[in-house]
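K.L.:
Here's a structure for you.
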Amino acid sequence: MENIVLGIGVAALAGALATVAGAAEDTESDIGSQGDPNSQVQLAPQMGYNHRIFNKAIAGEPPAWALWIAIGAGVAWAFMIMNVNPVLSIIIGSILASFVQGVYATTAYLGRTASLAKFGQPVYVDILKSVTPVTVAHAFVAIFTTVTIVYLMNAVLGHPFPLPILGIIWGIALGAAGSAVGNPFYGKERQYQNQKFGAGVPISASGNIVRYAEAGERSSLDNGWFTSKFGGPASGICFGLIVFFELWRHLIFEHYFGGWGSVMMGAIIVLIITIMARYIEVWARKTYGPYTAPEEEAI
Amino acid sequence: MTVKVEASADAIPHNTLLMVGIVGSILCIYLTYLNTITGLELFSFFGGLGAVIALIWGTSTIKRLCSYGIGTGVPSAGMVAFGAGIIAMLLGTKFGIASPIAALIIAAVAGAVFGFLADNVLNMKIPVLMQSLAELSVIGALTILGFTAMATGDFTFSAISAGTISIFGFAMSSANASYLGGGVIAVAFMLGAIAIQHPFNAALGPSNTQDRTLMLAAECGFLSMIIMAVISFAFIAVGAALVGLLIAIIGWGYTYTQFIELSKRDAAAWLDAKPILETEA
Chain F
40 MENIVLGIGV AALAGALATV AGAAEDTESD IGSQGDPNSQ VQLAPQMGYN
90 HRIFNKAIAG EPPAWALWIA IGAGVAWAFM IMNVNPVLSI IIGSILASFV
140 QGVYATTAYL GRTASLAKFG QPVYVDILKS VTPVTVAHAF VAIFTTVTIV
190 YLMNAVLGHP FPLPILGIIW GIALGAAGSA VGNPFYGKER QYQNQKFGAG
240 VPISASGNIV RYAEAGERSS LDNGWFTSKF GGPASGICFG LIVFFELWRH
290 LIFEHYFGGW GSVMMGAIIV LIITIMARYI EVWARKTYGP YTAPEEEAI
Chain C
10 MTVKVEASAD AIPHNTLLMV GIVGSILCIY LTYLNTITGL ELFSFFGGLG
60 AVIALIWGTS TIKRLCSYGI GTGVPSAGMV AFGAGIIAML LGTKFGIASP
110 IAALIIAAVA GAVFGFLADN VLNMKIPVLM QSLAELSVIG ALTILGFTAM
160 ATGDFTFSAI SAGTISIFGF AMSSANASYL GGGVIAVAFM LGAIAIQHPF
210 NAALGPSNTQ DRTLMLAAEC GFLSMIIMAV ISFAFIAVGA ALVGLLIAII
260 GWGYTYTQFI ELSKRDAAAW LDAKPILETE A
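Structure follows, in structure tokens:
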């Protein structure tokens, strides 16, 4: 009974940590301009719109976050093996991972901007100085909370996977949650505020992102200010719910096969979802069929 | 058939980088064998250098592969490389002293099979796909093997799957405390997989230059080496780990400042707190 209560408590705590992680991750990727919306930032100078927006292309968000969390978890694991206090180990791991994230952010901005020299897009050093520390700070929050979740799963709930492997898995999940939920808000709402609401972005407006702010020129920090109100918390709820529900599966099935019961149940759930997705796809193809041109009405 | 579009003319041809990459990284990984001969752990850092050399070669391969219009496929190429490479590397470590060579051969075969399937069965029809995927698998295997040798001081399966944990001063052997059992190989995997695709992905664009891209590759390699050096404190002697960390930090500092200099050279303008320069459209 005590174990179950402890498990429920850990699940609630991990869910809360994950909510913070999701919100910080999305705000970080919007300030740094990572992921899908960044393609418009990259395109803008080629269409003749020079800008002062950060341009942080480091793979997609899921692989990049898999690396940050894996570094955090791996370094924390190494320090814990050396009998260092777990809290201190997680902090050291998170600091090192944030450092790597910051270095990758600067090289991504410099590399991409220097390669746009043909279109006259200059490198703004003040952007590098002002935006990078903000993204690193948000990354630290997201990495620290996620590595803590991973540690709780491994040490308290007895998950059979070692820390760095759990780190990769949850890093991918975190990056995917932020990329899928928060980024469209930044890409479609913030970058294209000058377009008529709900009209979509016509091809002719591609790259014509909003470059001037209410006063002065728009910086990526303004984007963080905007998306942290809605996009960030929405990503947080998404990732929080993922972690929370996921832990319930673990709590219920962990007592079978020495901890591997929950892993097997996870595989079965993935299988069921795959079959469901396939069924929906086949049903949709059969019901709606291939695209047919609308019939001309006789006038 | 896809059309080839060169990102930039290369001063150093790809084949030169390929030869230097294979020979250099194999040689460096073998130099960690001095650990076993001398009984010291001082030579572990050569593994990290081998990984850096392999990553520079890998950046050139990715650039060559991606000149066939694989835009968003750049990060995926890194993942494929290390996915195939990690299997070959694990299998290769079973061959004792011949491990690096075995990993190279197994990775080349596995990569060629992947390349054949992608090119002919999935019909991607990219002329260099088979050779590139074979190269990338070898690079993946050698990079992970290099980082493994750097962290543990050895590249054989028995060494990386055995670990000791000290509880109240008593050393107990525990597979969970080993390089493989603790899952540290996952960190090596991600460190390499992001480092191999980042240089070309970040330096992507019409004004791409080869020296800047390769300098960034070395920078990413040394950055990954710093992290592996920190993790190596758990496996090897403090002095040996410190040597590795020091070399990694010096290498990273040098390549990072060089990369900033090269970016300054290539950029349209280098401005501090200046308004948007409007180009006449």
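From first to last, the protein sequence lines are chains F and C.
Quick note, the first sequence lines up with residues 40 to 338 if you use the working numbering.
Quick note, the second sequence lines up with residues 10 to 290 if you use the working numbering.
Using N, Cα and C, we set each Cβ at its ideal position, and we do this for glycine too.
Since this is a predicted model, take the numbers as computed values, not measurements.
#1: Measuring CB to CB, does Pro201/F end up less than 8 angstroms from Leu155/F?
#2: Secondary structure at Val59/F, three-state DSSP: helix, strand or coil?
#3: Does Tyr330/F have its Cβ less than 8 angstroms from a Cβ in chain C?
#4: Using a beta-carbon distance below 8 angstroms, is Leu160/F in contact with chain C?
#5: Quick one: is Ala197/C buried, meaning 16 or more other Cβ sit within 10 Å of its Cβ, or exposed?
#6: For the alpha helix (DSSP H) holding Asn262/F, just list the boundary residues, first then last.
#7: For a contact defined as C-beta to C-beta under 8 angstroms, what are the partners of Asn217/C on chain F?
#8: Please list, in chain order, the chain C residues whose beta carbon lies closer than 8 angstroms to that of Ala96/F.
#9: Provide the residue(s) that pair with Glu256/F in DSSP beta bridges, ordered along the chain.
#10: Considering only DSSP beta bridges, list what Val162/F is partnered with.
#11: Could you have a look at Ala219/F and say whether DSSP puts it in helix, strand or coil?
#12: Along the chain, where does the alpha helix (DSSP H) that runs through Ser108/C open and close?
#13: Could you pull the start and end residues of the alpha helix (DSSP H) that Tyr39/C belongs to?
#14: Closer than 8 angstroms, CB to CB, is Ala168/C near chain F or not?
#15: Can you list, in chain order, the stretches of the alpha helix (DSSP H) that have 4 or more residues and sit fully within the segment 118 to 154 of chain F?
#16: Just reading off the alpha helix (DSSP H) that Gln297/C is part of, what are its end residues?
#17: Pairing CB atoms from the segment 68 to 79 of chain C with CB atoms from the segment 35 to 54 of chain C, are three or more of them under 8 angstroms?
#18: Excluding five sequence neighbours on each side, which residues of the same chain lie with their C-beta closer than 6 angstroms to the C-beta of Ala249/C?
#19: Closer than 8 angstroms is the cut-off here; do at least three beta carbon pairs connect the segment 96 to 103 of chain F with the segment 311 to 326 of chain F?
#20: Can you name the residues of chain C whose CB is closer than 7 angstroms to the CB of Tyr143/F?
#21: Which residues in chain C have a C-beta closer than 7 angstroms to the C-beta of Ala109/F? List them in chain order.
#22: How would you write the range of the alpha helix (DSSP H) that Thr68/C sits in, first residue to last?
#23: From the DSSP output, in three-state form, read off Ser245/F for me.
#24: Kindly indicate if chain F contains any beta-carbon less than 8 angstroms away from that of Ile285/C.
#25: Give a yes or no on whether the minimum CB-CB distance between Ser272/C and chain F is below 8 angstroms.
#26: Just the C-alpha distance for Ala194/F and His294/F, rounded to the nearest angstrom, thanks.
#27: Ile169/C and Ile95/C - do their beta-carbons sit closer together than 8 angstroms?
#28: Buried or exposed: where does Phe296/F fall if 16 or more other Cβ atoms within 10 Å of its Cβ makes it buried?
#29: Taking the alpha helix (DSSP H) that Ser170/C belongs to, which residues open and close that run?
#30: Three-state secondary structure (DSSP) at Thr102/C?
#31: Determine the extent of the alpha helix (DSSP H) in which Val302/F is found, giving its start and end residues.
#32: Can you find a CB in chain F that lies within less than 8 angstroms of the CB of Glu228/C?
P.N.:
On the basis of the coordinates in this document:
#1: Translated into the one-based positions of the first sequence, residue 201/F becomes position 162. Translated into the one-based positions of the first sequence, residue 155/F becomes position 116. In this structure, Leu155/F does not lie closer than 8 angstroms to Pro201/F by Cβ.
#2: Numbered from its first residue, the first sequence carries residue 59/F at position 20. Here Val59/F carries a helix assignment [DSSP, helix/strand/coil].
#3: Residue numbering aside, residue 330/F sits at position 291 when the first sequence is read from its first letter. Tyr330/F does not count as touching chain C.
#4: Walking along the first sequence from the start, residue 160/F turns up at place 121. Contrary to the premise, residue 160/F reads as Gln rather than Leu in this sequence. Yes, Gln160/F counts as interfacial toward chain C.
#5: Counted from its first residue, the second sequence places residue 197/C at position 188. Its Cβ being crowded by 16 or more others within 10 Å, Ala197/C is buried.
#6: Counting from 1 along the first sequence, the entry for residue 262/F is found at position 223. Asn262/F -> alpha helix (DSSP H) spans Ser259 to Thr266.
#7: Locating residue 217/C in the second sequence gives position 208, where the first residue counts as 1. Near Asn217/C (Cβ distances below 8 angstroms), the residues of chain F are Ser154.
#8: Looking up residue 96/F in the first sequence gives position 57. Under a criterion of Cβ atoms nearer than 8 angstroms, the residues of chain C adjacent to Ala96/F are, in order, Asn210, Ala211 and Leu213.
#9: For the purposes of this step, residue 256/F is taken as the residue at position 217 of the first sequence. Paired residue(s): Tyr251/F.
#10: Numbered from 1 along the first sequence, position 123 holds the residue referred to as residue 162/F. DSSP output for Val162/F lists Trp279/C as bridge partner(s).
#11: Indexing the first sequence from 1 puts residue 219/F at position 180. Here Ala219/F sits in helix by DSSP.
#12: For the purposes of this step, residue 108/C is taken as residue 99 along the second sequence, with counting starting at 1. Boundaries of the alpha helix (DSSP H) harbouring Ser108/C: Ser108 to Phe125, taken from the DSSP string.
#13: Locating residue 39/C in the second sequence gives position 30, counting from the first residue. Tyr39/C -> alpha helix (DSSP H) spans His23 to Leu40.
#14: On the second sequence, residue 168/C is found 159 positions in, with the first residue counted as 1. No, no contact with chain F.
#15: Counting only runs of 4+ residues, the alpha helix (DSSP H) found wholly inside the segment 118 to 154 of chain F occupies 125 to 153, in chain order.
#16: Limits of chain C in this structure are 10 at one end and 290 at the other, which puts residue 297/C out of reach.
#17: No, the segment 68 to 79 of chain C is not in contact with the segment 35 to 54 of chain C.
#18: Here residue 249/C is taken as the residue at index 240 of the second sequence, counted from 1. The answer, listed in chain order, is Glu50, Leu51 and Ser53.
#19: no
#20: The sequence position of residue 143/F within the first sequence is 104, counting from 1. Under the 7 angstroms cutoff, chain C gives His207.
#21: Numbered from 1 along the first sequence, position 70 holds the residue referred to as residue 109/F. Neighbours of Ala109/F on chain C, chain order: Ala195, Val196 and Met199.
#22: Locating residue 68/C in the second sequence gives position 59, where the first residue counts as 1. Residues Phe54 to Cys75.
#23: Along the first sequence, read from residue 1 onward, the residue named residue 245/F stands at position 206. In this structure, Ser245/F counts as coil in the three-state DSSP scheme.
#24: The sequence position of residue 285/C within the second sequence is 276, counting from 1. At least one chain F Cβ lies under 8 angstroms of Ile285/C.
#25: Locating residue 272/C in the second sequence gives position 263, counting from the first residue. Yes, Ser272/C lies at the interface with chain F (some Cβ there is under 8 angstroms from its Cβ).
#26: Here residue 194/F corresponds to residue number 155 of the first sequence, with the count starting at 1. Here residue 294/F corresponds to residue number 255 of the first sequence, with the count starting at 1. Annotation: Ala194/F to His294/F spans about 15 angstroms, alpha carbon to alpha carbon.
#27: Looking up residue 95/C in the second sequence gives position 86. Looking up residue 169/C in the second sequence gives position 160. Contact flag unset, no.
#28: Locating residue 296/F in the first sequence gives position 257, counting from the first residue. Exposed: under 16 other Cβ atoms inside 10 Å.
#29: Against the second sequence, residue 170/C aligns to sequence position 161. Per DSSP, the continuous alpha helix (DSSP H) segment holding Ser170/C begins and ends at Phe166 to Ser170.
#30: Reading the second sequence from its first residue, position 93 is the one you call residue 102/C. Three-state result, Thr102/C: helix.
#31: Position 263 of the first sequence, counted from the first residue, corresponds to residue 302/F. Looking at the DSSP string, the run of the alpha helix (DSSP H) that includes Val302/F is Trp299 to Tyr327.
#32: Here residue 228/C refers to the residue found at position 219 when the second sequence is read from its first residue. Glu228/C belongs to the set of residues whose beta carbon lies under 8 angstroms from a beta carbon in chain F.
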